[in-house]
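Colleague: Protein chains in written order, with this note's numbering: chain A, 4 to 541; chain S, 144 to 361. Positions of the beta carbon are idealized from the N, C-alpha and C atoms, including for glycine. No experiment lies behind these values; they were computed from the predicted model shown.
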Amino acid sequence: MLSEAQRKRGLAAGAASLLAVALFVLAPVTALLATAPASSSQAALFDGYTASLLRFTLLQAGLSTVLSILLAIPVTLALARRPSFPLRVWIIRLMAVPMGLPVLIGALGLIGIFGRQGLFNRLLAFGGVEQPVSIYGLSGILIAHVFFNLPLACRLMLAGLERLPAEYWRLSASLGMRPLSVFRFIEGPALARVAPGAAGLVFMLCATSFTLVLVLGGGPAATTLEVAIYQSLRFDFNPTRAVALSLLQIGLTAVVLILISRLPPAESAGVGEGRANRRFDGRSLPARLYDAGIIGVATLFLLLPLGSIVVAGLKADLLKLVTMPAFRQAGLTSLAIAFSAGLLSILVSLGIIAARAAIADLRHPPHPLKAFSAALSGMSSLVLLVPPVVLGTGWFLLIRPYADVSRVAPVLVATVNMLMALPFVMRVLAPAFETHAARTGRLAASLGLSGFSRMRLVDWPVLARPLMMALSFAMALSLGDLGAVALFGSQDLTTLPYLVYSRLGSYRTNDADGLALILGAICLALTALGTAGSRRQP
Amino acid sequence: MANDAPAAAVELLDVRLVLGSARFHFDCRLEEGVITAITGPSGSGKSTLLNLVAGFETPDSGRVRLSGRDMTGVHPGQRPLSLVFQDNNLFAHLDLLTNVGLGIHPALKLSPADRRAVSDALSRVGLAGYEKRMPGTLSGGERQRAAFARALVRKRPLLLLDEPFAALDPALRVSMAELLLNLHRESGNTVVIVTHDRDEVTRLADRVLGVENGTVRP
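(1) Grab the span of the alpha helix (DSSP H) containing D342 (chain S) for me, first residue to last.
(2) Between the Cα of A110 (chain A) and those of A:I95, A:P242, A:Q120 and A:I146, spot the shortest distance and give me the residue it belongs to.
(3) Below 8 Å on the Cβ atoms is my contact criterion, and I expect G345 (chain A) with A424 (chain A) to pass it. Report the Cβ-Cβ distance as a whole number of Å.
(4) At 4 residues or longer, what runs of the alpha helix (DSSP H) sit wholly inside the region 201-226 of chain S?
(5) Just to check my reading of the structure: Q63 (chain A) and I144 (chain A) have Cβ atoms closer than 8 Å, yes? What is that Cβ distance to the nearest angstrom?
(6) Return the chain-ordered list of same chain residues with a C-beta closer than 7 Å to the C-beta of R112 (chain A), the five sequence neighbours on each side being excluded.
(7) Let me confirm a value: S212 (chain A) is counted as buried when at least 16 other C-beta atoms fall within 10 Å, else exposed. Which label applies?
(8) Mapping DSSP to helix, strand and coil, what is S409 (chain A)?
(9) Do you know whose CA, among S:H327, S:V359, S:V243 and S:A320, lies nearest V344 (chain S)'s CA?
(10) Does any CB atom of chain A fall closer than 8 Å to the CB of P219 (chain S)?
(11) May I ask you to list the residues that DSSP assigns as paired with H327 (chain S)?
(12) Rounded to the nearest angstrom, how far is the Cβ of N152 (chain A) from that of L208 (chain A), given a contact under 8 Å?
(13) Whole angstroms is fine: what's the gap from L194 (chain A)'s alpha carbon to P168 (chain A)'s?
(14) Starting from G246 (chain S), find everything on chain A with Cβ-Cβ shorter than 9 Å and list it in chain order.
(15) On the DSSP bridge list, what partners appear for G353 (chain S)?
(16) Do the CB positions of S409 (chain A) and D495 (chain A) come within less than 8 Å of each other?
(17) For R159 (chain S), does the three-state DSSP call read helix, strand or coil?
(18) Cα separation between D284 (chain A) and G483 (chain A)?
(19) Run through the DSSP bridge pairs and tell me what T358 (chain S) is partnered with.
(20) Taking the C-alpha atoms as reference points, what is the distance between V428 (chain A) and N241 (chain A)?
(21) Using a C-beta to C-beta distance shorter than 9 Å, which residues of chain A count as neighbours of L304 (chain S)?
(22) Note down, in chain order, each residue of its chain lying with its Cβ closer than 8 Å to the Cβ of D514 (chain A), except the 5 sequence neighbours on either side.
(23) How many Å lie between G17 (chain A) and I297 (chain A) at the Cα?
(24) Along chain A, which residues have their Cβ under 9 Å away from the Cβ of D230 (chain S)?
(25) Cα-Cα, which of A:V106, A:G179, A:P89 and A:L90 is closest to P249 (chain S)?
(26) For the beta strand (DSSP E) containing T333 (chain S), list its first residue and its last residue.
(27) For L251 (chain A), tell me which candidate among A:E7, A:L57 and A:Y52 has the shortest Cα-Cα distance.
(28) For T295 (chain S) and chain A, any beta-carbon pair shorter than 8 Å?
(29) Where do the ends of the alpha helix (DSSP H) carrying L253 (chain S) lie?
(30) DSSP state of V136 (chain A), grouped into three classes?
(31) For S184 (chain A), would you say it is in contact with chain S, using Cβ-to-Cβ distances shorter than 8 Å as the test?
(32) Mind listing the chain S neighbours of F283 (chain A)? Cutoff is C-beta to C-beta under 9 Å, in chain order.
(33) Taking 8 Å as the threshold (beta carbon to beta carbon), is G249 (chain S) in contact with chain A?
(34) Might you give, ordered along the chain, the residues of its own chain that have their beta carbon closer than 6 Å to the beta carbon of A292 (chain S), omitting 5 neighbours on each side?
Okay, structure coming up:
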């Protein structure tokens with residue numbers, strides 16, 4: 004029920020969004036392709052070093068995925084078997100924390116527990132084990148990836164189990180199924196439906212993980228493509244190699260994305276919010292102890308690094324840190340970048356939503372418009388295809404001949420962050436706007452409400468909340484991001500994660516711990532705001 | 144113990160249960176070999192009564208006896224009964240042979256004779272040759288028939304039905320009720336059916352048990 008003018012405005016907004024995103028993503032990719040001199044890039048693509056980079060990227064992503072999923076399965080089964088025990092809802096919420104925690108901060112917490120001086124290795128030494136577990140290199144990357152992705156896999160798979168009808172559990176109990184039969188006939192098939200999607204997502208996240216590998220990896224033996232791109236641009240100043248590696252990375256993500264698109268999607272909506280069904284199995288004492296043990300170990304694994312961040316952070320002189328000019332400067336920069344990134348991603352999303360609504364409103368949209376609508380939907384995949392470091396490399400090459408890259412660096416960082424946030428913002432806003440339009444569209448049209456009065460009376464009161472949620476979620480993402488700023492960061496452009504990272508390298512690790520605590524708290528608070536309303540949505 | 148009253152298939156002896164803010168108190172006996180309908184407004188406690196019999200709820204106090212044996216606190220799988228719900232009676236990802244076969248052996252260790260028994264039960268409810276069909280390809284009525292087939296192969300003396308026909312259209316309800324009656328007459332089992340439908344009560348029930356405000360209406 005849109006007027007002709009509304010439809011035209013919507014289409015124009017969508018076209019503008021699509022154009023802006025396409026320009027920002029495709030321009031650097033074109034630059035990369037144009038810069039790559041055919042012969043030398045081929046040489047760089049196929050030398051032994053590149054091959055080992057690719058091998059390590061795939062190896063760590065594959066192992067991380069397998070470990071995350073396999074370890075998540077017993078935790079998921081135990082949590083599903085115990086739908087109501089005290090603290091359950093808090094354990095489920097704890098599992099959402101790694102998603103909102105800046106990766107760098109999580110890495111610090113993991114070093115605090117699994118590092119050479121960490122709790123874990125001291126326990127091992129106490130137990131007489133000589134060889135400590137190393138948080139650096141492949142083992143460290145795997146521990147970190149499991150820390151971030153096991154809870155994600157767990158939530159996705161738990162949602163799959165909680166979606167099963169309540170009758171299934173009554174039926175299995177009434178038929179007298181033993182635990183093995185319950186797994187074979189009910190739990191296993193349910194997990195098998197969700198696990199591939201979850202594994203695809205985890206693999207994608209691990210294959211493009213930058214910060215963890217930067218902090219915990221290192222050396223030619225434990226470097227991924229993304230980190231190698233960063234190193235060749237930042238330290239070796241070898242743009243040719245950066246270009247070749249970037250193209251390889253795009254090829255890799257393209258293949259992974261295509262493979263993932265064939266898997267059934269995994270949704271985690273509404274997990275653990277008291278919808279879980281009653282279970283009648285696992286009532287024996289050994290079963291209870293087993294589940295308590297599994298849930299306890301998983302909880303400790305997530306809780307200890309977080310606790311380590313808090314303990315180490317409180318040791319620092321927080322007051323002094325906060326009043327430090329470097330902190331204020333970095334904080335303001337971070338805030339400005341995060342706010343612009345959040346606002347931009349909302350604007351682009353609004354354009355996409357308006358255009359899609361305008362096209363959906365037509366009963367028989369002509370073919371070009373259908374293609375346009377598909378392009379709008381595919382935009383978030385386009386964003387995933389080109390990881391931030393690759394985008395940065397391309398823009399670096401584009402701008403360098405004409406201007407000082409450090410001048411435009413803040414704009415680039417904000418825009419890269421905007422793109423990273425776009426899929427998440429769309430996931431918050433699109434359903435909210437669609438429901439709102441379906442509820443009020445005809446009524447508002449019949450009352451002749453339009454323009455500013457419609458916005459003030461009808462739209463804003465309902466949509467303010469999702470908009471704020473999207474903004475705070477996008478800001479949390481941008482505030483915690485090290486990937487984009489790592490390429491462009493300098494004396495003139497320092498964000499909070501960049502400040503933490505640079506202090507990490509220096510002798511002032513105490514400062515780094517304090518800053519990490521502050522940044523982690525801010526990001527978690529923003530994420531909590533950004534997701535607070537989602538569980539109340541149907 | 145001279146007792147002229149017919150044997151009781153189900154006895155709830157001074158059973159008390161508190162669920163949230165709802166209090167239940169049941170003291171009743173259901174006669175063996177007949178169809179008893181449990182009726183009453185929604186929220187009155189019909190399903191709770193059924194859950195107590197099936198073992199999904201354990202009484203705070205009082206005893207639950209089935210065919211004279213004390214079953215209070217016994218796991219649902221060890222009670223001599225079969226269940227049919229309103230919906231989701233079949234595991235959607237398993238074919239009918241498996242779904243019905245699980246009624247014979249919960250780990251699906253089926254002998255050739257067991258498989259024949261499944262096929263016989265399926266044809267008995269009008270689903271001959273449906274062994275390999277998936278529940279998603281069946282109509283709602285056919286799915287309930289398959290659930291009856293599973294109850295048949297289980298050969299338990301007590302059959303509990305929780306609004307089994309509520310999701311079906313009226314014409315189908317009549318034919319499903321006929322099927323239930325035939326099966327009941329053949330096996331002489333005890334049937335307890337929770338229902339909202341007045342016609343269904345008159346069509347099926349030998350006895351009626353009214354439930355209101357968490358207790359049996361006198």
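Modeller: Reading from the atomic positions:
(1) R341 to L347
(2) A:I146
(3) 7 Å
(4) none
(5) 5 Å
(6) Contrary to the premise, residue 112 (chain A) reads as Gly rather than Arg in this sequence. Taken in chain order, the residues that qualify are P308, L309, S311 and I312.
(7) buried
(8) helix
(9) S:A320
(10) yes
(11) DSSP output for H327 (chain S) lists no bridge partner at all.
(12) 6 Å
(13) 14 Å
(14) L178
(15) S:T182
(16) yes
(17) strand
(18) 43 Å
(19) S:H168 and S:E355
(20) 35 Å
(21) What L304 (chain S) touches in chain A: nothing, since even the nearest Cβ is about 13 Å away.
(22) A319, L324 and R506
(23) 49 Å
(24) P168 and E170
(25) A:G179
(26) T333 to V337
(27) A:L57
(28) In the sequence as displayed, the identity of residue 295 (chain S) is Leu instead of Thr. Cβ-Cβ to chain A under 8 Å: no for L295 (chain S).
(29) No alpha helix (DSSP H) contains L253 (chain S), which DSSP labels as neither H nor E.
(30) coil
(31) yes
(32) G198, F199, H218, P219 and G220
(33) The sequence given here places Pro at residue 249 (chain S); Gly does not occur at that position. Yes, P249 (chain S) counts as interfacial toward chain A.
(34) V243, A264, L265 and V268
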